[in-house]
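Comments concern the structure below.
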Amino acid sequence: MNLLKHAFWVARVFCRRSAIKPSVNSPFSSTCNWHNRTLAMPKRKASSRVADAAVAKKAKAAEEDPELKYDAEWSDYGPRGGPKNLPPVFVLSGPSIKGSKKIAGFDIDMTLIVPASGRTFPTGPSDWKFMNDKVKPKLQSEHEAGYKIVFFTNQRGMEKDHTSPDGWKGKVKKIINELNIPVQVFVATGENDMRKPGTKMWDLMVKDHNKGIKPDMSESYYVGDAAGRAKDWAPGKKKDFSCGDRMFAANVGIKFMTPEEYFYDEKPAPFSWYSIDPAEVIKTSKEKRKDSYHSKDKELIIMVGIPASGKSSFVRKYLLPHGYSHVNRDTLNTPAKCIAATKEAIKSGKSVVVDNTNPSKAARSDYIDLAKNAKYKVRCFVVDTPKEIAHHLNYMRQTQTNGKVRRIPKVAYNVYKKNYEEPQKAEKIDEIVKIPFEPTFEGAKDKELFLQWTGE
């Protein structure tokens with residue numbers, strides 16, 4: 006209790022014991038006439054309260070966004086957009102970050118830090134501590150050995166509004182200041198094409214943020230906890246939530262280690278990729294497509310297949326070069342516009358391919374009626390791509406288009422499955438054609454992308 010409050014308390018006690026009523030009831034401006042004298046609690050000046058508030062605000066800002074010890078600052082990579090107006094990637098870099106042929110890459114959460122509260126997820130930006138007492142000296146030692154320390158991390162919570170971008174950036178500054186070494190940081194802000202296990206954050210680092218030095222892949226490495234380990238890979242340990250960090254290192258072409266292997270020299274634990282092996286898919290694919298699928302007759306072709314199964318790639322390769330009119334909801338946006346475009350194509354005497362998922366009789370019926378009324382032949386092409394491969398192509402397509410085509414959410418596959426009705430000739434379909442999955446590529450870059458591990 007400070008002196009001012011103590012004096013006020015003494016005055017109130019005297020008033021009560023003397024049965025003298027205070028002249029003002031408010032405890033914050035209380036007075037009492039005691040022996041004809043007024044005792045009053047002095048009021049603080051408004052200017053003092055404003056000054057105190059300003060100091061507190063400044064202290065809070067410094068706590069949330071501390072000054073970095075090193076000459077580096079945050080910048081955006083790529084245009085801002087989406088509901089949260091975020092760039093695809095935030096980059097922390099600057100003059101203090103030297104280029105190096107040796108890159109020591111790290112994930113952050115559950116690799117270098119854990120919640121100090123002991124909870125599964127941090128309660129806020131200040132809820133962290135180093136994972137163990139080896140983190141700081143180990144990273145300092147690698148820095149002294151000529152490695153550039155780089156954090157590559159996914160922070161999908163920013164896009165989903167679970168994580169404050171500014172709060173997270175401030176936390177990373179604190180981590181770096183505590184490490185007491187320069188660190189470069191790349192953070193993917195959502196479900197975009199820059200996200201691990203894709204290599205685009207690594208590629209960005211090499212292209213624009215390593216002083217023109219090409220990394221030595223044999224000396225570089227990446228450490229992360231998403232390693233595909235099963236439940237009880239060590240006594241009492243939970244299953245890894247993904248294999249994304251191991252995939253990232255494999256896609257880049259550098260050595261991978263878990264935190265346990267890196268900091269404690271533990272032996273590697275058994276793991277699963279939690280995904281198809283794209284190289285094995287190419288190796289074991291037996292079915293081949295025909296050389297051609299077009300017809301000289303006027304016809305309507307209805308494509309049927311799960312999202313990202315390769316329908317549009319098939320259409321571009323086998324049908325569009327032969328003059329088919331392309332009806333696709335991805336470009337036309339609504340079913341009504343797709344129907345209108347089909348009517349217009351038939352009216353002009355062109356063959357038409359309806360390139361949508363078309364899972365149900367109801368989804369196909371309006372197109373079939375239009376074709377039959379115009380005496381067009383109707384064929385249904387069922388793209389027979391396994392779901393696991395479609396998921397892989399889903400990731401690949403987002404990367405191919407530099408994020409212009411967003412990854413289809415998993416719920417879309419569940420909706421397709423729920424609505425699916427196998428096409429039947431009873432729907433007035435003249436021919437049903439199965440299109441096998443065949444790993445053919447439009448160029449070397451596409452094959453390179455296909456061979457990358459995907460999933461999380």
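No gaps in the numbering here: position 344 of the sequence shown is 349 in my numbering, and each next residue is one more. Using N, Cα and C, we set each Cβ at its ideal position, and we do this for glycine too.
DSSP three-state assignment for residue i, whether helix, strand or coil
i: SER297; result: coil
i: LYS439; result: strand
i: TYR227; result: strand
i: LYS409; result: coil
i: ALA379; result: coil
i: GLN457; result: coil
i: ARG85; result: coil
i: ASP270; result: coil
i: LEU73; result: coil
i: GLN189; result: strand
i: LYS433; result: coil
i: SER280; result: coil
i: ARG200; result: coil
i: ASP389; result: strand
i: SER370; result: helix
i: VAL265; result: The sequence shown places Glu at residue 265, not Val. Residue state, collapsed to three classes: helix.
Residue i burial status per 10 Å Cβ neighbour count (16 or more: buried)
i: ALA121; result: exposed
i: LYS415; result: exposed
i: LYS316; result: buried
i: ARG200; result: buried
i: MET222; result: exposed
i: ALA345; result: exposed
i: LYS205; result: buried
i: PHE191; result: buried
i: PRO142; result: exposed
i: ASN215; result: buried
i: ASP138; result: exposed
i: PHE246; result: exposed
i: HIS148; result: buried
i: ALA367; result: exposed
i: GLN429; result: exposed
i: HIS40; result: With a pLDDT of 44 at HIS40, under the threshold of 50, the predicted position of this residue should be treated as unreliable, though the coordinate-derived value follows. HIS40 is exposed by the Cβ-count criterion.
i: PRO340; result: exposed
i: ALA288; result: According to the sequence as given, residue 288 is Lys; it is not Ala. When all chains shown are included, LYS288 counts as exposed.
i: ASN159; result: buried
i: LYS236; result: exposed
i: VAL140; result: buried
Through-space distance from residue j to residue i, alpha-carbon basis
i: TRP238; j: LEU305; result: 55 Å
i: GLY99; j: ASP76; result: 6 Å
i: PHE276; j: MET252; result: 12 Å
i: LEU456; j: HIS397; result: 10 Å
i: ASN424; j: PRO364; result: 6 Å
i: ARG369; j: LYS322; result: 23 Å
i: LEU454; j: CYS343; result: 31 Å
i: ASP451; j: GLN405; result: 8 Å
i: THR347; j: THR336; result: 14 Å
i: TRP458; j: VAL309; result: 26 Å
i: GLY83; j: ASN407; result: 10 Å
i: GLU224; j: GLY162; result: 32 Å
i: GLU292; j: ALA231; result: 35 Å
i: LYS242; j: ASP296; result: 52 Å
i: ILE351; j: TYR418; result: 31 Å
i: GLY217; j: LEU209; result: 12 Å
i: GLU271; j: PRO264; result: 9 Å
i: ASN338; j: VAL332; result: 11 Å
i: PRO240; j: LEU325; result: 58 Å
i: ILE181; j: LYS260; result: 24 Å
i: PRO220; j: GLY110; result: 12 Å
i: PRO71; j: THR168; result: 18 Å
i: VAL320; j: PHE268; result: 51 Å
i: GLU183; j: PRO88; result: 34 Å
i: PHE442; j: GLY172; result: 46 Å
Contacts around residue i, its chain only, beta-carbon distance under 6 Å, and the 5 residues preceding and following it disregarded
i: ASN399; result: ALA313, ARG412, ILE413
i: SER131; result: none
i: TRP207; result: VAL257
i: LYS303; result: SER356, TYR381
i: ARG334; result: CYS343, ASN361
i: GLY229; result: ASP112, THR116, ASP250
Nonlocal neighbours in the same chain, by C-beta distance under 7 Å from residue i, ignoring five residues either side
i: GLU393; result: ILE281
i: GLU436; result: ARG384
i: LYS134; result: ILE118, VAL119, ALA121
i: ASP371; result: ILE344
i: PRO273; result: GLU266
Residue i beta carbon near the ligand ZN (any heavy atom closer than 7 Å)
i: ASP245; result: Among the ligands in the structure shown, none appear at all, so the ligand ZN cannot be discussed.
Cβ shell of residue i (< 8 Å), same chain only, five flanking positions each side left out
i: SER101; result: TYR75, ASP76, ALA77, PRO187
i: HIS11; result: Confidence is the limiting factor: at HIS11 the pLDDT is only 49, short of 50, which leaves the residue's position unreliable and the question unanswerable from this model.
> Quick one: complete beta strand (DSSP E) runs, 3+ long, within the stretch 210 to 254?
Replying inline: Fully contained in the stretch 210 to 254 are the following beta strand (DSSP E) runs of length 3 or more, in chain order: 226 to 228.
> Which runs of the alpha helix (DSSP H), 4 residues or longer, sit entirely within the stretch 97 to 167?
Replying inline: Whole alpha helix (DSSP H) segments, 4+ residues: 140 to 149, 161 to 164.
> Considering only residues of the stretch 302 to 328, which uninterrupted alpha helix (DSSP H) runs meet the minimum length of 4 residues and lie entirely inside it, listed in chain order?
Replying inline: Annotation: the stretch 302 to 328 contains the following complete segments of the alpha helix (DSSP H) (minimum length 4 residues), in chain order: 316 to 323.
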